[in-house]
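Asker:
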Amino acid sequence: MLALSFVTMSMLCLAMIIVEGKKLPRQIYATLKVLAASLFVVVGALLAGTEADASRFFIAALVLSWLGDVLLIPKGHKGVFLGGLVAFLLAHVMYVPAFVARGVDVQAFAGAGVATLLPIGLVLRWLWRRVQGTMRYAVVAYVFVISTMLSAAFACTVEGASKNGGVSPLLFVGAAVFYLSDITVARERFVAPGYINRVFGIPLYFFAQLLLIAGFTG
């Protein structure tokens, strides 16, 4: 199922990039994006199941990501964009207890948390002058939450490597790719809007979700 999902997602991402590049009607892009987001939700639900607490948190994160995707489709609506930002913030929040419930190495979690302090500082410095008003608080919260998610994914991967039935290293890879996709969104919204952000951001984001699913389900 995962192999077919990656192939299908590749086609959808390529189609989205072409639609954006050709500046075709926004409705086409919106349809493709909803299909791609729905794909990772369905695949995640089927593979993770709903029996364990970890799986419930994980599926909640996928659903919130789907909601964020939908809310970020319209352009020029600050309130809708903020709603999408909140949805993605909560998605990252839900990934943390999902990874913790799956099992984490506490020392690895703490070490990764310390290691993320430098990137946090660099990202905030990069964005600070370009973000105004209450959006600054949202950006600060977002940067800390995605960094915590990345640390939890690393700690979960370390723990999973030492026991049978644990997660695979793809979990951390997916979290790192998700982190990078968030950077492209920030660049698009606050720094330098442009097609190049979507060329990289679209595949980074959607493949990150499938990598997280592959890693989480072992």
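Numbering (numbering that gives the first Met the number 0), first residue to last: 0 to 217.
Every residue, glycine too, gets a C-beta built ideally from N, C-alpha and C.
Just so we're clear, the structure is a prediction, and the values are computed from it rather than from any experiment.
1. Identify which residue in Ala107, Phe98, Ser146, Ala100 has its Cα closest to the Cα of glycine 120.
2. Mind reading off the beta-carbon distance from leucine 126 to alanine 185? Whole number of angstroms is fine, and I expect it under 8 angstroms.
3. Can you tell me which of Leu81, Val40, Leu11 puts its alpha carbon nearest to the alpha carbon of lysine 32?
4. Quick one: residues in its chain with C-beta nearer than 6 angstroms to the C-beta of valine 130, no 5 flanking neighbours on either side, listed in chain order?
5. What residue does the alpha helix (DSSP H) around isoleucine 212 start on, and which one ends it?
6. Specify whether the segment 100-120 and the segment 64-76 touch according to this definition: at least 3 beta carbon pairs, one from each stretch, less than 8 angstroms apart.
7. Around the C-beta of arginine 128, are 16 or more other C-beta atoms found within 10 angstroms, so that it is buried, or is it exposed?
8. Near serine 150, which residues of its chain fall below 7 angstroms by C-beta distance, leaving aside the five closest residues on each side in sequence?
9. Does the beta-carbon of tyrosine 194 have 16 or more other beta-carbons within 10 angstroms, so that it is buried, or is it exposed?
10. For aspartate 104, does the three-state DSSP call read helix, strand or coil?
11. Shortest alpha-carbon distance to phenylalanine 87 belongs to which of Arg101, Leu203, Leu70?
12. Can you tell which of Ile27, Gly43, Arg124 has its C-alpha closest to the C-alpha of phenylalanine 205?
13. Return the chain-ordered list of same chain residues with a C-beta closer than 7 angstroms to the C-beta of isoleucine 72, the five sequence neighbours on each side being excluded.
14. Specify, as a first and last residue, the run of the alpha helix (DSSP H) that isoleucine 58 falls within.
Answerer: With the structure as the only source:
1. Ser146
2. 6 angstroms
3. Leu11
4. Val138, Phe189
5. 194-215
6. no
7. exposed
8. Phe108, Ala111, Gly112, Thr115
9. exposed
10. coil
11. Leu70
12. Gly43
13. Ala29, Lys32
14. 52-70
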